[in-house]
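Structure first, commentary second.
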Amino acid sequence: MFRRSVLLLVLALVLAACGQSQSASSPLVLGAIYPLSGPQAPGGKQELAGVEAALQVAQSEGVGHRRIELRVVDAITPDAAAAAVDRLVSQDHVPAIFGTYGSTLSVAASARAEQLKTVYWETGAVADPITASRLYVFRTVATGGSLGRMAVTFTHDVLIPQSGLRAPRVDIVQVSDIYGQSVGGGEAALARQLGIEVVN
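Just so we're aligned: 175 in the working numbering is position 191 of the sequence shown, and the numbers increase by one with no gaps anywhere.
What follows is the structure in structure tokens.
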């Protein structure tokens, strides 16, 4: 219920901001960038389905009193994600874009949206730099650093006491991209702070 309320509030704000220059009879066109092909397609398709469902709820509850159209772009590389932002802003004139599921895609797309002063709502990617020092980029999911800290907190508060380890050591295994750096960085920082030796 809370997430639905947040979504409706944000959509209402977007609609209010976007409604100033367009007539109430014209549709509000929003953008969406997700990996709909390639290895990240299953997650990209699920997040897009979530956005579409949320927009249907907003429409059914009369948020903004305008029909909403979603222009969807399939992007599977960072360059394609940034180019999709350019296309959605310059050709479709969207005031806001949803995306992108993958952190490597989101870093590129959100940076370009920030440059173009276009609202970018990240629906799933967690890499910390996505929202750092940005005025036009938002997300409602945890950051990678937060996810890493939660894992270490559970390890420290539950696993270590139950296992009876006196001098716990950890080896952090992560993917070598911005997602892995964010999650692993959060893990390493808190582990050291809590006195857990980080081997690697």
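Built from N, CA and C at the ideal position, the CB exists for glycine as well.
**Report entry** Candidates 102, 179, 74, 138: closest to residue 82 by CA position
**Finding:** 102
Query - C-alpha gap between residue 137 and residue 57, whole angstroms - result: 38 Å
Query raised in the report: Based on Cα-Cα distance, which residue from 170, 162, 17, 18 lies nearest to residue 91?
Result: 162
Report task. Give, in chain order, every unbroken run of the alpha helix (DSSP H) that is at least 4 residues long and sits entirely within the region 9 to 88. Result -> 25 to 44, 62 to 74
Requested in this report: Could you say if the region 160 to 179 and the region 93 to 111 meet the contact criterion of at least three C-beta pairs nearer than 8 Å?
Outcome: yes
Query - Residues near residue 86 by beta carbon distance below 7 Å, same chain, minus five either side - result: 19, 24, 109
Query raised in the report: When the Cβ atoms of the region 92 to 100 are set against those of the region 64 to 71, are three or more pairs found closer than 8 Å?
Result: yes
Query - Assigned exposure category for residue 148 - 16 Cβ within 10 Å defines buried - result: exposed
Requested in this report: Out of 119, 120, 115, 121, state which residue places its alpha-carbon closest to the alpha-carbon of residue 127.
Outcome: 115
Query raised in the report: If you compare alpha carbons, which of 131, 182, 130, 105 is closest to residue 119?
Result: 105
Query raised in the report: Should residue 153 and residue 183 be called a contact, given that it needs their Cβ atoms to be closer than 8 Å?
Result: yes
**Report entry** Proximal residues to residue 39 (C-beta, below 7 Å), its chain only, five neighbours per side dropped
**Finding:** 52, 54
Query raised in the report: Would residue 72 pass as a contact of residue 15 if the rule is Cβ separation under 8 Å?
Result: yes
Query raised in the report: Nearest-angstrom Cα distance between residue 179 and residue 146?
Result: 17 Å
**Report entry** Of the listed residues 117, 144, 158, 121, nearest to residue 131 (C-alpha basis)
**Finding:** 158
Query raised in the report: Taking residue 78 as the reference, which of 144, 11, 42 has the closest Cα?
Result: 11
Query - Short Cβ contact (8 Å threshold) for residue 181 with residue 135 - result: no
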